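Working notes, beginning with the structure itself.
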Amino acid sequence: MPLSRRTLLKYGLGGTLLLAAGGAGVAFQQTRLRTPATELQVLDQRTYSILAAVADRITPAGDGFPSAAELQVAEKVDALLATLHPAVGEEIRQALLLLENALAGLVLDGRSRPFTRLPPDAQDETLRAWQNSRLTVRRTAFTALHGLCAAAYYASPAIYRLVGYPGPPDFRGAAGGAP
Amino acid sequence: MIHAGHEIRSDVEVRCDVCVIGSGAGGAVLAAGLAERGLRVVMLEEGGHHTRRDFDLQEGHAYPMLYQDRGTRATADLAITILQGRSVGGSTTVNWTTCFRTPPRILALWRERFGIEGLDEASLAPHFDAVEERLHIAPWPEELANANNRQLLDGCRRLGWEAAPLRRNVKACVNSGYCGLGCPVDAKQAMHVTYLPDALARGMELYADTRAERIEVEGERVVAVHAVVLDRATGRPTQRRVKVLPKVAVSSGGAINGPALLLRSGLDFNGRLGKRTFLHPVVAMAAIYEEPVNGFYGAPQSIGSHQFIDRGPDKVGFFLETPPLHPMLAATAFRAFGLEHRAFLQQLAHVGVLIALSVDGLLPGDEGGTVSLRDDGRVRVDYPVGAHLEESFRASSIAMARIQLAAGAKEVISLHDQPVRIRSEADLARLEEAPWGAFQHAIFTAHQMGGCPMGADPATSVVDATLRHHRVRNLFVVDGSVLPTSLGVNPSETIYALAHRARAHVAAAI
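For the protein sequence lines, the chains are A and B, in the order given. Counting in the numbering used here, the first sequence runs without a single skipped number right up to 186 at its last residue. Counting in the numbering used here, the second sequence runs without a single skipped number right up to 1277 at its last residue.
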């Protein structure tokens, strides 16, 4: 909750400071960790877990669509990062930690919990705020995470049927147009 | 002979007449002509050598295998996604086959504004004729257009706007729709099945998975090209090095990696290297149709419209084409997320998409973008989207929406962060009012041009009209980076023809 004038009036200055301190205390709540299905190459378990939480919201399960976890979206992004310049992996790690950081979330957005511990609606709200942020770093981070997650999810043959795509024909063995 | 990275087991040092750096539209056409003249050519290509046997038509494999930065290349702020090929054959392995001769008005503008002589319709004609014959460039029959392209044609005709079948470089094309993922039947006349085999048959040595890191210049002459062999799986440099000692060197790495190589080599003599980078920035509009579109099948790009190519002296013109509609590309382009994102993808088989390519670099003062180097050695592309482009994005999106409505779309959807949805002409005002520009909606480029512009004045350009470097006289640049403006048409055939013309000039410089 943002520290509004109303809050200030209701609790007085001292109470407000206590609230803020409480918020800061919560800020150190730890990331909700997940266990990767494959060995990580670039991300660590913490950043992997944040990415997996983001992927759940970019491409949510439901209506017959599998979860991002089932399609191992975060694992696939990690594998892709392993083939890119090391600086790219580091940038993605930093973006994920920034998203997770509840202290920055408290100051800028008035949320007091790390991203991975927010309920789904609040996670969506946070992602939307980043997408529309005035801060270039947030918009850039959203674009990167959206692109990586959406690509890894929808590249999976498991979703072809669900989007009405019969998949590529099999041309192996077909004669080529010789040059 | 092709040497794949894993076959290069020790350091290589090789002498030759010409070292060509890059195997795409420029390097391949040039190399074939040099080899035909009996010259010893060594080609370096940082991408891998992939053939139709490797093309399983899965986006999740093709983009990492065949595109720059594994399909993630973008401007530094990520506002513009950059689709650019990276394999033996360069972007020709993955382009959507559309071929145009350079528009005469562009050649006239180059002569007028940049003093470029000898590049006119008549003098280029034999070069266009030659590449059109070798690459089987011909109009694609209108009746073979897929539904996505048919909608562009029908919509334009109903509005009284110009639209016409495009010319494609294909032979025995099976209309599969997978040009962008590597042609599965070698019907696309990409470099790896045409000019590169021509050059290899005449003795060219091609080192794949081998990245040129630096052109060594002594006393304003190239003396060596230093390259490193990459591990194909990780893309990381190995310990093995390739050193080429050529009489003439040619930079053909395209409009991003090419300028970056020259910058890394310390060859920016006038501050113009990497400047005036043009992208034909692309915006797209999606539409939902009652009938299936199945835009994932059929030649992805077979109809185009140049109705709005010239919108007057102070506006950016644009031209209209179509993309393929496979799930991954569509999912990354649609910038909403969550349920709205999924709802869009669920209708993919009924989605049609048009693209508008803005013709940048023509208005006075339009300097486009910049290619530079990051501290960690990576290339960096910056491209500020100014007011003129924003206006073009808005106008072109409204034009696309009108075409889609005229073609019978039941809903037209923009690619904004908050998609604008319209159902009739009466709703077009919403597109007028919507925000257009960087970070508001998806923007792409599939055409990278400029950065090593040709021109008569050594103070303001990098190469002369023969594509020879103004200062380092045994260095040529033969790729899309020499274009002093964008073209207003897909650039591949212009690059083929310029490379064909450069054969004689490069050979004469030895």
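Even glycine gets a Cβ: it sits at the ideal position worked out from N, Cα and C. As the structure is a prediction and not an experimental result, all values here were calculated from the model.
If you look at residue 80 of chain A, you'll find it isn't in any beta strand (DSSP E); it sits in the alpha helix (DSSP H) that goes 80-88. Interface with chain A (9 Å Cβ-Cβ cutoff): residue 1206 of chain B is included. For residue 74 of chain A, there are no C-beta contacts with chain B under 8 Å, since the nearest C-beta of that chain is about 12 Å from it.
Contact annotation, residue 914 of chain B with residue 1060 of chain B: C-beta distance approximately 5 Å; criterion of less than 8 Å satisfied. For residue 845 of chain B, the chain A residues whose C-beta falls within less than 7 Å of its own C-beta are 147, 150, 151, listed in chain order. Using a CB distance cut-off of 9 Å, residue 57 of chain A does not count as an interface residue toward chain B. Taking 7 Å as the cut-off between beta carbons, the residues of the stretch 930-949 of chain B near chain A are 938, 939, 943, 945, in sequence order. 9 Å or more divides the Cβ of residue 1047 of chain B from the Cβ of residue 947 of chain B. Contact note: residue 1095 of chain B reaches chain A through 158, 161, 162, using a C-beta cutoff of 7 Å and chain order. Put simply, the backbone Cα of residue 1276 of chain B is about 30 Å away from that of residue 1137 of chain B.
Going by C-alpha positions, residue 1112 of chain B is about 28 Å away from residue 1085 of chain B. By a beta-carbon distance limit of 8 Å, residue 1205 of chain B contacts residue 844 of chain B. Their separation comes to about 7 Å. With 16 or more other Cβ atoms inside 10 Å of its own Cβ, residue 1020 of chain B counts as buried. Look at residue 60 of chain A here: in three-state DSSP terms it is helix.
Apart from the 5 residues on each side of it in sequence, residue 803 of chain B sits with its Cβ closer than 7 Å to the Cβ of 969 in its chain, given in chain order. Following the DSSP letters along the chain, one finds residue 873 of chain B in no beta strand (DSSP E) but inside the alpha helix (DSSP H) bounded by residues 871-881.
Residue 39 of chain A has a beta carbon lying at 9 Å or more from every beta carbon in chain B.
Within 7 Å of the CB of residue 64 of chain A, the CB atoms of chain B belong to 1104, 1105, in sequence order along the chain. A Cβ-Cβ contact shorter than 9 Å links residue 1062 of chain B with residue 1089 of chain B. Contact between the stretch 1064-1081 of chain B and the stretch 958-975 of chain B is absent: fewer than three C-beta pairs spanning the two stretches fall below 8 Å. At a cut-off of 9 Å between beta carbons, residue 1150 of chain B makes no contact with chain A. Here residue 938 of chain B is buried: its Cβ has 16 or more other Cβ atoms, across all protein chains shown, within 10 Å. Annotation note: the stretch 1032-1099 of chain B contains no uninterrupted alpha helix (DSSP H) run of length 4 or greater.
The three-state reading of DSSP puts residue 1237 of chain B in coil, since its state is none of H, G, I, E or B. Scanning its chain for C-beta atoms nearer than 6 Å, with the 5 sequence neighbours on each side dropped, one finds around residue 1160 of chain B the residues 1050, 1203, in chain order. In the three-state reduction of the DSSP assignment, residue 952 of chain B falls in the coil class, being assigned neither a helical nor a strand state. For residue 1187 of chain B, the three-state secondary structure derived from DSSP is coil. For the C-beta of residue 99 of chain A, not a single chain B residue is nearer than 8 Å; the gap to the nearest is close to 10 Å.
Apart from the 5 residues on each side of it in sequence, residue 942 of chain B sits with its Cβ closer than 7 Å to the Cβ of 911, 1065, 1066 in its chain, given in chain order. Within the stretch 117-135 of chain A, 131, 134 place their CB atoms closer than 7 Å to a CB of chain B, listed in sequence order. Remark: C-beta atoms of residue 85 of chain A and residue 134 of chain A do not approach each other more closely than 9 Å.
Between residue 936 of chain B and residue 886 of chain B, the C-beta gap is not smaller than 9 Å, which leaves the two residues out of contact. Taking a Cβ-Cβ threshold of 9 Å, none of the residues of chain A is close to residue 821 of chain B; the smallest such distance is about 11 Å.
When DSSP states are grouped into helix, strand and coil, residue 1128 of chain B belongs to the coil group. Within the stretch 969-1022 of chain B, the beta strand (DSSP E) runs of at least 3 residues that lie entirely inside it are, in chain order, 972-974, 977-985, 988-997, 1004-1018. Non-local C-beta neighbours of residue 88 of chain A in its own chain, meaning closer than 8 Å and more than five positions away in sequence, comprise 48, 49, 50, 95, 96, 99, ordered along the chain.
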